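A short write-up of the structure that comes next.
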Amino acid sequence: MGNTVAAQTMAKPAPAEEDAAALRRRLRRSLAAVAAGGAAADVYDEAAAALEALREAELGTGGRKGGGGGGGEGRRPAAEGGEEKESVPVPPQFLCPISSRVMSDPVIVASGQTYDRRSIEEWFSAGKQLCPQTQQALLDTTLIPNHLVRSMILQWCTENRFNLPPVENQEENNVTNSDQKTFDEIFKKITSSAKSTEMRQAIKDLRLITKQNSDFRAVLGERPDYISRMIFARSTPGLQNDPQVLEDMVTIILNFSLHDSNKKVIGDDPEAVPFLIWALKSGDMGSRGNSAAAIFTLSALDSNKEKIGELGAMGPLVDLLDNGNIIAKKDAASAIFNLCLLHENKSRAQKNGIVDVAMRAIDDQLLVDGSLAILALLSNNHEVVEMITEFDGTACMLRAIRESECSRSKENAVVVLFAICMFNRTKLKEVEADEKVNGSLALLAQSGTSRARRKAVGILEKMKRNMHNRHSSC
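Each residue of the sequence shown is one higher than the last, beginning at 1 in full-length UniProt numbering.
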């Protein structure tokens with residue numbers, strides 16, 4: 001759906017040439033794709049561009065163009081008493097599919113659909129693990145803020161004097177006495193019980209409550225030493241070699257890490273990150289996958305990126321990307337990408353064989369999108385590009401540009417291809433031969449994301465200059 005909208009909108013004239021009505025139609029199409037979930041990156045770019053163009057078209061330095069009675073399809077500001085002079089229908093794309101109310105805090109779930117945070121958290125808390133719209137099983141209940149959709153909602157609310165409920169502050173630790181008491185009672189059983197069966201059950205209980213109750217996760221801020229104490233409790237006879245206990249403990253850390261203020265608490269804990277890395281190396285597939293997911297969430301902080309890299313997480317993450325099941329591979333790829341946003345971790349990934357693993361994943365059609373994203377991130381390094389070239393990277397990237405249905409993957413492939421052509425000009429002939437047959441770069445230069453278009457144009461210009469030089473020398 002994203003590609004269809006992109007193709008339609010790319011054919012439109014420049015924003016400055018469109019009237020307000022055309023811009024609204026263009027914006028509605030993009031928003032429909034975004035709200036439906038799974039939209040490509042260029043659709044988000046298009047929606048943002050349409051919104052900005054509409055704002056320029058309708059808002060002047062002193063207010064709306066045309067004064068109080070002109071444009072805006074009859075939209076008028078509310079009266080001072082709060083009543084609107086004319087009711088304005090809320091765009092359906094701004095409504096939560098669960099509550100049918102305007103989303104004050106839109107978030108994306110693993111299926112790619114967008115919901116209001118409170119509604120989807122209540123859905124998960126009720127034990128429902130299917131996406132409400134797609135009915136897809138959600139093995140990962142991580143919620144990712146949809147900042148673009150929220151900015152569009154805020155813009156619409158501002159223009160129409162609509163009072164949007166404030167977003168609940170995710171950083172506030174509104175810990176109740178009941179939560180603290182529950183945490184302390186469970187934790188006492190984990191650390192002080194004489195019976196391994198009781199300790200094992202308490203660990204399961206803590207895993208369950210940190211999964212189902214997002215507010216409860218804030219309690220860790222009041223008890224920052226509890227992670228280390230829980231890890232030490234694992235040395236108790238009867239627990240030390242229990243793979244289920246290991247997975248439960250890793251998942252408890254993962255659940256706590258989803259609360260933003262806990263990321264620093266866990267990162268600063270002297271035992272937490274080493275424990276996750278150990279589980280990443282030595283656990284079963286469930287423990288390894290959840291360790292990778294926890295490292296991914298923790299690596300949102302640059303200080304954690306540095307610590308995780310220094311403590312040796314990159315090697316086992318690359319191994320998991322190579323040998324894990326598909327869910328674990330995705331978590332590993334996400335963690336590797338996030339860690340490599342820190343320059344020092346790029347060389348660690350390279351030394352641990354990420355190029356080899358990523359190229360084989362692409363060749364085997366396994367986790368192509370994540371592998372291309374990692375390679376694009378590393379492609380400013382000459383040595384990395386040479387390694388990609390040794391794996392027949394030119395043909396691989398050209399194939400990804402032709403065959404991928406994901407616009408972001410096309411973008412990442414052409415970023416790598418551009419780097420190959422920059423560092424190894426002899427590869428231009430191979431690209432030129434493919435372009436004569438398939439015209440993939442010319443098409444991407446017209447319909448790709450903004451970054452993809454720039455890179456495609458750059459390669460085409462290099463090819464043109466190369467052909468000119470050849471003809472001149474004849």
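Idealized CB from N, CA, C, for every residue including glycine.
None of the values given here were measured: they were computed from a predicted structure.
The beta-carbon separation of M314 and N345, rounded to 7 Å, stays under the 8 Å limit for a contact.
Taking a contact to require three or more Cβ pairs closer than 8 Å, the stretch 355-368 and the stretch 389-397 qualify as touching. Taking 8 Å as the upper bound for CB-CB distance, V385 and A333 are not in contact here, some 20 Å apart. Under the three-state reduction of DSSP output, I108 falls in the strand class. Inter-residue distance for S228 and A335 is about 23 Å (C-alpha atoms, whole angstroms). Distance from F162 to V219 at the Cβ level is roughly 36 Å; contact not present, criterion being Cβ atoms closer than 8 Å. Counting along the chain, no beta strand (DSSP E) covers D369; the unbroken alpha helix (DSSP H) around it starts and ends at 368-378. If you draw a 10 Å sphere on the C-beta of I144, you find fewer than 16 other C-beta atoms in it, and that means exposed. Among the bridge pairs identified by DSSP, L276 is matched with none.
Using a Cβ-Cβ distance cut-off of 8 Å, the stretch 139-156 and the stretch 178-194 are not in contact, since fewer than three pairs of beta carbons, one from each stretch, lie closer than that value.
Where T114 is concerned, the enclosing beta strand (DSSP E) starts and stops at 114-116. Distance check between M422 and each of L444, E461, C396, A433 places E461 closest, using alpha-carbon atoms only. When DSSP states are grouped into helix, strand and coil, A328 belongs to the helix group. D105 sits buried, since 16 or more C-beta atoms from the chains shown fall within 10 Å of its C-beta.
Beta-bridge partners of P97 (DSSP): none assigned. DSSP, read as helix, strand or coil, puts A300 in coil. Distance check between P92 and each of V149, E122, Q136 places V149 closest, using alpha-carbon atoms only.
F187 places its beta carbon less than 9 Å from that of A202.
Here L130 is exposed. Its C-beta has fewer than 16 other C-beta atoms within 10 Å.
Going by DSSP, T251 is part of the alpha helix (DSSP H) stretching over 243-257. In this structure, the straight-line span from the alpha carbon of L298 to that of V265 is close to 10 Å.
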